[in-house]
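Notes follow the structure.
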Amino acid sequence: MSYLQKNLTILFLLFSGYFAQAQEAPFAFYLTWNQDPTTSMVVDWHANGLEPQTLKIRRKGTESWTDMESDVMPYPFSERIVHRVALHGLRQDTAYEIMFPGKEEIYYFRTMPGNLNEKSLKIAIGGDSMHRKEWFEKTNRMVTFFEPDFIIIGGDMAYENGLAENLGRIYDWFDAYSNSLVTADKRILPCVVAIGNHEVVGGYYGRNPGYEQTNSFRKRIAPYFYSLFAFPGQPGYNVLDFGSYLSLIILDTEHSNPIVGVQTEWLAKTLKERENVLHRIPIYHVPAFPSVRNYEGQTQTLVRENWVPIFEENGVRIAFENHDHAYKRTFPIRNLEVDQSGIIYVGDGSWGVAEREIHEVDATWYLKKAQSVKAFTLLTLEGQQFSLISVDEEGKIIDTYPESPLQFQSER
Ligand SMILES: [Fe+2]
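FYI, the numbering for the sequence shown is 1143 to 1554, going by the working numbering.
Okay, structure coming up:
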């Protein structure tokens, strides 16, 4: 080997060693919960390489970092790997700084308050998030401006229909999340999602021949949903309890589970067990009281016949619906009539999708308000009370509830 060849070989070895050790920044990250959000957080990031990686974490205001090694999981139809660190035993209402491998920026998150006596909770809620990436990002930036504690997207996140060929839409969704659901001071907004038709091959379980109500079948027809979102996880519906003041009940409107049967039995039991929880809020995709689609539609009717009576029996005061690509708020409804002691249904899934033409509001008995617009709702919980404003993609407030402070709903 000549002198020159030797030197080139040494240089090559030095460089390849350098690149093998240098950690690449993750493609995207995602925060959610599968335990009590007052003391926990699930941190995900997507990266190359099968080896576990290290997340650094410290309580904001302290000096030394703690290293947390990730669990690694496959990313459907992709060479990327899902890295997950589930953090437990955190302090309530506390900021924690995190550093992702290969990324110099310090982000942070906050755990939720232990109760609502001194602090209120602000949640940005909507659905149907990404016909186009730029629409998703635009609404996200408006959401972030309002600095909610976290966000909820009630189905139809990336519109990939569970298909390998639409992997790029999933990449785009998580890229948009990582870029536009972070506040100016680097707080990442945690997210809670529900399943919609566009997470599932064929949209509905019944369109998949040989359907079985099993984990493996559900994962087969909604591969990204079950692999990339730690919550709700299997079986596709779940409850998230915030101390004893809030329970989010995430449901599946015929996408990877039937409404009738075990899911409805689970719903009745879950609500009954939480009768002393201040706020019990169902979130699901297909609306019982649609602003656009047919009231008599099959899934809409199943929701009204099976779930609405259970909501009413168990003191639910507000539910969030999606799928129709418009904004709506219903009158309070009980026994399928307008009733001041009833439940209000807010939706209808227009975070980042083309808005659809709505039913005529005055001619539709249940619609108090509806508008063909891209929008989200900011729900505020204060003690036993709740209030909301709904905001369009330009930041204009298009609805408030209660409509005047005198009507503030405090009765349980
Ligand atoms: Fe939908």
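Each residue gets a CB set at the ideal place from its N, CA and C atoms; glycine is no exception.
A quick note: this is a predicted structure, and the numbers were derived from the prediction, not measured.
- With 16 or more other Cβ atoms from the protein chains shown falling within 10 Å of its own Cβ, residue 1470 counts as buried.
- Per DSSP, the beta bridge partners of residue 1266 are 1293 and 1520.
- Given a length threshold of 4 residues, each whole run of the alpha helix (DSSP H) inside the segment 1290-1352 is given here in chain order: 1309-1322.
- In the three-state reduction of the DSSP assignment, residue 1542 falls in the strand class, which pools E and B.
- Here DSSP, grouped into helix, strand and coil, assigns residue 1216 to strand.
- Cβ atoms of residue 1296 and residue 1464 come within 8 Å of each other, at about 4 Å.
- Around ligand 1, the residues selected by a Cβ distance under 5 Å to any of its heavy atoms are 1298, 1338, 1339 and 1465, following chain order.
- Straight across, the Cα-Cα distance linking residue 1419 with residue 1411 is about 14 Å.
- A direct Cα-to-Cα measurement between residue 1199 and residue 1539 gives close to 37 Å.
- Residues of the same chain with a CB within less than 6 Å of the CB of residue 1432, apart from the 5 flanking positions on each side, are 1442 and 1466 in chain order.
- In the DSSP assignment, residue 1251 falls within the unbroken beta strand (DSSP E) covering 1249-1252.
- For residue 1406, the uninterrupted alpha helix (DSSP H) segment begins and ends at 1404-1414.
- For the pair residue 1494 and residue 1396, the Cα-to-Cα distance works out to about 23 Å.
- Note that the segment 1504-1524 touches the segment 1256-1272; at least 3 beta-carbon pairs, one per stretch, sit closer than 8 Å.
- By the C-beta criterion, the segment 1185-1196 is judged to be in contact with the segment 1218-1227, since at least 3 inter-stretch pairs fall below 8 Å.
- Taking residue 1389 as the centre and dropping the five residues before and after it, the same chain places the C-beta of 1381, 1383, 1416, 1419 and 1422 closer than 6 Å to its C-beta, in chain order.
- In this structure, residue 1184 lies away from residue 1196, with their beta-carbon atoms at least 8 Å apart.
- DSSP, reduced to helix, strand and coil, places residue 1444 within a helical segment of the structure shown.
- Between residue 1513 and residue 1468 the beta-carbon gap is near 7 Å, inside 8 Å, which marks them as a contact.
- Residue 1204 carries a coil assignment under DSSP once its states are collapsed to helix, strand and coil.
- Separation of residue 1385 and residue 1234 (C-alpha to C-alpha, rounded to the nearest whole angstrom) is 10 Å.
- Three or more beta-carbon pairs separated by less than 8 Å are not found between the segment 1329-1336 and the segment 1346-1366, which leaves the two stretches without contact.
- A straight-line Cα-Cα distance of about 18 Å links residue 1497 and residue 1472.
- Note on residue 1230: under 16 other CB atoms within 10 angstroms of its CB, so exposed under the neighbour-count rule.
- The beta carbon of residue 1254 sits closer than 6 Å to the beta carbons of 1179, 1180 and 1384 from its chain, once the five residues preceding and following it are set aside; these are given in chain order.
- Exclusion of the five residues before and after residue 1330 leaves 1173, 1249, 1251 and 1324 as the residues of its chain whose Cβ lies within less than 6 Å of its Cβ.
- By alpha-carbon distance to residue 1207, the top candidate from 1536, 1240, 1218 and 1236 is 1240.
- The C-beta distance from residue 1511 to residue 1503 rounds to 7 Å, short enough to fall under 8 Å.
- In the DSSP annotation of this structure, the continuous segment of the beta strand (DSSP E) that includes residue 1460 starts and ends at 1460-1462.
- No Cβ-Cβ contact shorter than 8 Å links residue 1170 with residue 1271.
- Of all alpha-carbon atoms in 1306, 1479 and 1405, the one lying nearest the alpha-carbon of residue 1444 is that of 1405.
- Assigned with DSSP and collapsed to three states, residue 1437 falls in coil, not helix or strand.
- Membership of residue 1515 in any beta strand (DSSP E) is not indicated, and neither H nor E is assigned to it by DSSP.
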